[in-house]
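In my numbering, the protein residues as written are 83 to 270.
All residues carry an ideal CB built from backbone N, CA and C; glycine is no exception.
Treat the numbers as computed from the prediction; the structure is a model and nothing was measured.
The structure is reproduced here in structure tokens:
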């Protein structure tokens, strides 16, 4: 089966298939997600879609949640440190066309604009994520039409998430300081 055959089947045209796929990915990545902090593990374990699509994943998540001692540092940086340009994955030669490359650059800029807005406002009591960013995020995601766009954006999102979890560059923790930091260093 070729890549174009998979794309043409459009397995991700409905929300059911998308959620099923997401739960299966979590299931396959259990060894990694089992190192997340307790709050995230609990959210995943209590998610009704995880329970309906993979009861065994839900049970494993609950077990690891109950035995977890992992904590998130409350000393996160006050300003977002963006992921640096990666020439091996981010340059023009990794996109099928100039248009695809420019669309990705625009989406990256929008992503960081939204991330900065979240960083500036998410702790304000009256701030509501959905009301303030929901439609803009959906609009940004709607422009991810090609498979390569999804791939590049997913890589950017993952690297940014890992970098934010690691904290500021040169900010204290080094390899081996904590089990949580070891996992983050291994991932990113």
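Between which residues of its own chain and residue i is the CB-CB distance below 6 angstroms, once the five residues before and five after are set aside?
i, result
"residue 174", "183"
"residue 131", "101"
"residue 240", "none"
"residue 234", "186"
Quick check on the DSSP output: the alpha helix (DSSP H) that includes residue i runs from which residue to which?
i, result
"residue 206", "Run containing residue 206: none; DSSP gives neither H nor E here."
"residue 274", "Here the chain has residues from 83 to 270 only, and residue 274 is not among them."
"residue 150", "Per DSSP, residue 150 belongs to no alpha helix (DSSP H) and is neither H nor E."
"residue 177", "Unbroken run through residue 177: none, as it is neither H nor E."
"residue 72", "Outside the modelled stretch of the chain, which goes from 83 to 270, sits residue 72, for which no answer is possible."
"residue 125", "120-128"
Which residues in the same chain have their Cβ closer than 7 angstroms to the Cβ of residue i, if we skip the five residues on either side of it in sequence?
i, result
"residue 116", "146"
"residue 150", "120, 123"
"residue 207", "none"
"residue 210", "none"
I'd like the list of long-range same chain contacts for residue i, defined as Cβ closer than 8 angstroms, with 5 residues on each side in sequence excluded.
i, result
"residue 105", "131, 132, 135, 136, 139"
"residue 97", "none"
"residue 165", "238, 241, 242, 245"
"residue 231", "182, 185, 186, 189, 225"
"residue 177", "183, 186, 230, 234"
"residue 196", "215, 218, 219, 222"
- Task: Determine contact between the segment 129-139 and the segment 96-109, defined as no fewer than three beta-carbon pairs at a distance below 8 angstroms.
- Result: Here the segment 129-139 lies against the segment 96-109, with 3 or more beta-carbon pairs under 8 angstroms apart.
- Message: If contact is defined by three or more beta carbon pairs under 8 angstroms, each pair taking one atom from either stretch, is the segment 186-205 in contact with the segment 215-226?
- Response: These segments touch.
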